[in-house]
Amino acid sequence: MTDVTGAPAEVLHTLFHSDQGGHEQVVLCQDRATGLKAVIAIHSTALGPALGGTRFYPYATEAEAVADALNLARGMSYKNAMAGLDHGGGKAVIIGDPEQDKTEDLLLAYGRMVASLGGRYVTACDVGTYVADMDVVARECRWTTGRSPENGGAGDSSVLTAFGVYQGMRASAQHLWGDPSLRDRKVGVAGVGKVGHHLVRHLLEEGAEVVLTDVRADAVQRVLDQYPGRVTAVADTEVLIRVEGLDIYAPCALGGALNDLSVPVLTAKVVCGAANNQLAHPGVEKDLADRGILYAPDYVVNAGGVIQVADELHGFDFDRCKVKAAKIFDTTLAIFARAKEDGIPPAAAADRIAEQRMADARATR
13 MTDVTGAPAE VLHTLFHSDQ GGHEQVVLCQ DRATGLKAVI AIHSTALGPA LGGTRFYPYA
73 TEAEAVADAL NLARGMSYKN AMAGLDHGGG KAVIIGDPEQ DKTEDLLLAY GRMVASLGGR
133 YVTACDVGTY VADMDVVARE CRWTTGRSPE NGGAGDSSVL TAFGVYQGMR ASAQHLWGDP
193 SLRDRKVGVA GVGKVGHHLV RHLLEEGAEV VLTDVRADAV QRVLDQYPGR VTAVADTEVL
253 IRVEGLDIYA PCALGGALND LSVPVLTAKV VCGAANNQLA HPGVEKDLAD RGILYAPDYV
313 VNAGGVIQVA DELHGFDFDR CKVKAAKIFD TTLAIFARAK EDGIPPAAAA DRIAEQRMAD
373 ARATR
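Under my numbering, think of the first position of the sequence shown as 13, with each following residue one higher.
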């Protein structure tokens, strides 16, 4: 079923439904000359201009792309609020295969689309886009972060994203086992791409045992070559989540990793990873809690990257950003404490804290 615009009814319902949507603005972008098809979603500007990355992905349908943009933008509102940033949440998706469809002209056209919003949305890298891409986008749009140092940017934000996740793991260990050390803990990392391979380095430096997987064989091989004899690879995520003696599971690829199929067979006692939107649907957080699995909310622990790109807007300082990202340890512990106090899962506790900050900002307008 569609409405008069041709948009699937369920997409419009999600957009205007207060629980799942509540978005301020959604822009459908098209440039026939370059083949650009994109969705820019602005969930909230209560705390400031919306900030979030651009995902380039071969969605099966346009409706799937819109739904992903809506979910990701909403997540960015909560992430930016919990990170203490003066930014609301937004996200963009470009429909297509980045390996085949990405061109300089397409990225320039996309930059013009972002620029047309006049600063309400600030873009950066995400799955399928890289620093070099943001350099191109920035030629048409000054509201672009994640650029190379040569072009006035901060460079790869995955470094601090991984550092923040590592801090979230340490906080989870402190809460569950009374010690933040990850030495001798067995950690399963699903996805060793831009963020995951940096996370592996932190884990190995502390003496953790790492088991990993990735849908791309070359990504796995890169880590195996970098740390010969120090990591173990398994065939896929289904194998990884069943690994005997797993202490921590780190989803670091696409969302939806925690679902009705994975949660019942997960052997880990902690879930803490870099992927966005790890909970496949509402209620999964309770399923985790019922199994005694501690969940570190994804948008809290993976905020290191957005801390970095936000800082770029004010003159980037890596050391300053690393200090802010290190506070993810304290923020995560505070969420666990709030969850215990309120008798709710950590994901719900994080939502309450973020929603209160956004509500306070709207009240003072």
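Where a beta carbon is used, it is the ideal one built from N, C-alpha and C, also for glycine.
Rounded straight-line distance, which links the Cα of A373 to that of D248: Walking along the sequence shown from the start, residue 248 turns up at place 236. Walking along the sequence shown from the start, residue 373 turns up at place 361. Whole-angstrom Cα-Cα distance: 43 Å.
Continuous beta strand (DSSP E) stretch holding P263: start and end: As a working note, residue 263 is residue 251 in the sequence shown. Its beta strand (DSSP E) spans residues I260 to P263.
Cβ contact check for the segment 56-66 and the segment 87-106: 3 or more pairs under 8 Å: yes
Pair within 8 Å by beta-carbon distance, P357 and A351: The residue given as residue 357 occupies position 345 in the sequence shown. The residue given as residue 351 occupies position 339 in the sequence shown. For P357 and A351, yes; Cβs fall inside 8 Å.
Residue range of the beta strand (DSSP E) that includes K49: Along the sequence shown, one-based indexing puts residue 49 at 37. First-last of the beta strand (DSSP E) with K49: L48 to S56.
Where T376 falls, given that 16 or more other Cβ within 10 Å makes a residue buried: Mapped onto the sequence shown, residue 376 falls at position 364. Under this definition T376 is an exposed residue.
Same chain, Cβ closer than 7 Å to M370, five either side skipped, listed in chain order: Translated into the one-based positions of the sequence shown, residue 370 becomes position 358. Result list for M370: S56, A58, L59, S89 and A93, in chain order.
Nearest to P263 (by Cα), restricted to the options D310, G355, G304 and R182: On the sequence shown, position 251 is the one that residue 263 refers to. The residue with the shortest Cα to Cα distance from P263 is D310.
Backbone CA spacing between R364 and D354 [nearest angstrom]: As a position in the sequence shown, residue 364 is number 352, starting the count at 1. As a position in the sequence shown, residue 354 is number 342, starting the count at 1. Going from the Cα of R364 to the Cα of D354 covers about 10 Å.
Proximity below 8 Å, CB of V199 to CB of L215: Numbered from its first residue, the sequence shown carries residue 199 at position 187. Numbered from its first residue, the sequence shown carries residue 215 at position 203. Going by C-beta atoms, V199 is nearer than 8 Å to L215.
As assigned by DSSP and simplified to three states, the class of T17: Walking along the sequence shown from the start, residue 17 turns up at place 5. A caution first: T17 carries a pLDDT of 44, below 50, which makes its placement in the model too unreliable to give a value.
Neighbourhood of Q320 by C-beta distance below 6 Å, restricted to the same chain and skipping five residues each side: For the purposes of this step, residue 320 is identified with residue 308 of the sequence shown, where counting begins at 1. Excluding residues within five positions, the ones whose Cβ falls inside 6 Å are A166, S169, L172 and C333.
Where T157 sits in the DSSP three-state scheme: In the sequence shown, the residue the question calls residue 157 occupies position 145. Coil.
Same chain, Cβ closer than 8 Å to C153, five either side skipped, listed in chain order: Here residue 153 is taken as the residue at index 141 of the sequence shown, counted from 1. Only G123, R124, V126, A127 and T135 meet the Cβ criterion.
F328 versus V222, R159 and D237, residue with shortest Cα-Cα distance: Residue mapping note: residue 328 aligns to position 316 of the sequence shown, counting from 1. The option with the nearest alpha carbon to F328 is R159.
Euclidean distance between Cα positions of V204 and G295: In the sequence shown, residue 204 corresponds to position 192, counting from 1. In the sequence shown, residue 295 corresponds to position 283, counting from 1. Distance between the alpha carbons of V204 and G295: 28 Å.
Expected contact under 8 Å - CB spacing of A292 and G268 to nearest Å: As a first step, residue 292 must be located in the sequence shown, where it is residue number 280. As a first step, residue 268 must be located in the sequence shown, where it is residue number 256. At roughly 4 Å, the Cβ-Cβ gap stays under 8 Å, so A292 and G268 are in contact.
Environment of L306 [buried if 16+ CB atoms lie within 10 Å]: To locate residue 306, count along the sequence shown from 1; it is residue 294. By the 10 Å Cβ count, L306 comes out buried.
Exposure label - E367; buried when at least 16 CB within 10 Å: Locating residue 367 in the sequence shown gives position 355, where the first residue counts as 1. Exposed is the call here.
Pairwise C-alpha distance: G317 and E324: Residue mapping note: residue 324 aligns to position 312 of the sequence shown, counting from 1. Residue mapping note: residue 317 aligns to position 305 of the sequence shown, counting from 1. The straight-line gap from Cα to Cα measures roughly 11 Å.
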